[in-house]
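Q: With mature numbering (1 follows the signal peptide of the UniProt record, and there is no 0) applied, the sequence shown corresponds to residues -21 to -1, 1 to 159, in that order.
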Amino acid sequence: MNIKKTLLILLLAAFTLPVTAQSIDPSIYSKVKSDLTISRHKSKAEFKTSLERIVSDPIPYLKAITEDPSIRIYVKEKAISLLEFYPTEESELVLRGKIEDGNLHKSLRNLSVRSYSSAFYGKDPQKAEIFLGTFKDDKSIGKTVDSSLQEARYSAFKKKTLPSKEDFEKYRRNKPLEKK
């Protein structure tokens, strides 16, 4: 009888630890988890919208989902990819931790690289280049690091080279554009 009680307590602790360790609301955690689990064919933007209907600050819940051992990989992938919409220090630490964890599933590490470069390259390109550059030779995520950095560089370049509103107005009025 004593063994059954101990086993029950251990099982309860294993399932509630990710929730209580984050000091988050278990009912909201359950809603977020079920939304990510049930819905398979939503876009990231649709997931973001439905997530924000449930909770105003989803980062702790997404983090808890990525760390819960009872959750399937495809749900963790969704949680990691959604972290790119919330470029805060907390989400940066979560993504960096996932990238650095060599024992983590390859797809989770690759998605962490993509989310990290998408969310944080624009904020501090040099920091992102240095951090991700250390993983270029990693066998499981090296190619993703290269392609993600190339995409981030191209995005940053596009943002810097777009014409200004004045240029659009001059073009609209058929005036010649001034080269800068």
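All C-beta atoms in this analysis are idealised placements derived from N, C-alpha and C, irrespective of residue type, glycine included.
(1) How long is the line joining the alpha carbons of residue 88 and residue 48, rounded to whole angstroms?
(2) Mind reading off the beta-carbon distance from residue 73 to residue 40? Whole number of angstroms is fine, and I expect it under 8 Å.
(3) Please identify the residue among 58, 34 and 42 whose C-alpha is closest to the C-alpha of residue 22.
(4) Output the boundary residues of the alpha helix (DSSP H) element that contains residue 89.
(5) Quick check for students: name the residue ranges of the alpha helix (DSSP H) that lie wholly in the segment 33 to 84, counting only runs of 4 or more.
(6) Would you identify the three-state DSSP class for residue 132, choosing helix, strand or coil?
(7) Quick one: measure Cβ to Cβ for residue 77 and residue 45, integer angstroms, because I've assumed they're closer than 8 Å.
(8) With DSSP run on the structure shown, which of helix, strand or coil describes residue 114?
(9) My output table needs one value for residue 7: the three-state DSSP class, helix, strand or coil.
(10) Cβ atoms of residue 92 and residue 120: under 9 Å apart, would you say?
(11) Only counting the same chain, and skipping five residues up and downstream in sequence, which positions put a Cβ closer than 6 Å to that of residue 106?
A: Taking the geometry as given:
(1) 16 Å
(2) About 11 Å separates the beta carbons of residue 73 and residue 40, which is beyond the 8 Å limit, so they are not a contact pair.
(3) Per the Cα distances, 58.
(4) 85 to 99
(5) 38 to 46, 52 to 61 and 68 to 79
(6) helix
(7) 7 Å
(8) coil
(9) helix
(10) yes
(11) none
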